[in-house]
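Start counting the sequence shown at 728; every next residue gets the next number (this note's numbering). Beta carbons: idealized from backbone N, C-alpha and C, even for Gly. This one's a predicted model, so the numbers in the text were calculated from it and none came from an experiment. Heads up, the thing below is written out as structure tokens.
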Amino acid sequence: MRQVAEIHEAEPDRHLGIFPMPRVLRLVRYVVTRWRYTHGPAWSKGGVLRRDGHRCGYCPAPATTVDHVLPRSRGGRNTWQNTISACYACNQRKGDRTPAEAGMQLLRQPTVPSWSSMMQR
């Protein structure tokens with residue numbers, strides 16, 4: 728494994744992937760890389776929770792699950808625009824219905840996050 732940087736001090740409770748979030752970083756060698764020109768990070772359950780700040784999209788409770796706005800049983804897919812963080816109670820209450828059918832309002836619309844917004848959370 729090439730050594731590109733060294734972490735001299737790290738935030739104890741924050742991580743960037745599997746690595747501790749550095750306070751002080753020393754560049755050992757500069758590596759030229761191409762920027763990521765994709766529309767954003769790939770969809771994942773952890774990414775949805777991170778994008779939404781681990782807050783339910785239907786109520787102000789902490790979120791532990793990911794809900795499909797258009798349920799998978801009706802053709803909904805695992806996309807950033809079709810998924811939102813939800814607490815267990817709201818996810819169970821909504822079930823395989825749309826928010827309108829369940830009488831529930833989304834507090835925010837799901838969006839595709841940018842690379843920079845995901846790195847800041």
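Asked: Out of Pro-789, Arg-799, Ala-827, which one is the CA nearest neighbour of Ser-812?; Found: Pro-789
Asked: Met-845 by DSSP, collapsed to three states: which one?; Found: helix
Asked: So, under 8 Å CB-CB, Asp-794 and Thr-810 are touching, yes? Tell me the CB distance rounded to an integer number of Å.; Found: 7 Å
Asked: Under the DSSP definition of a beta bridge, which residues are partnered with Leu-743?; Found: Phe-746
Asked: Nearest-angstrom Cα distance between Leu-754 and Tyr-785?; Found: 44 Å
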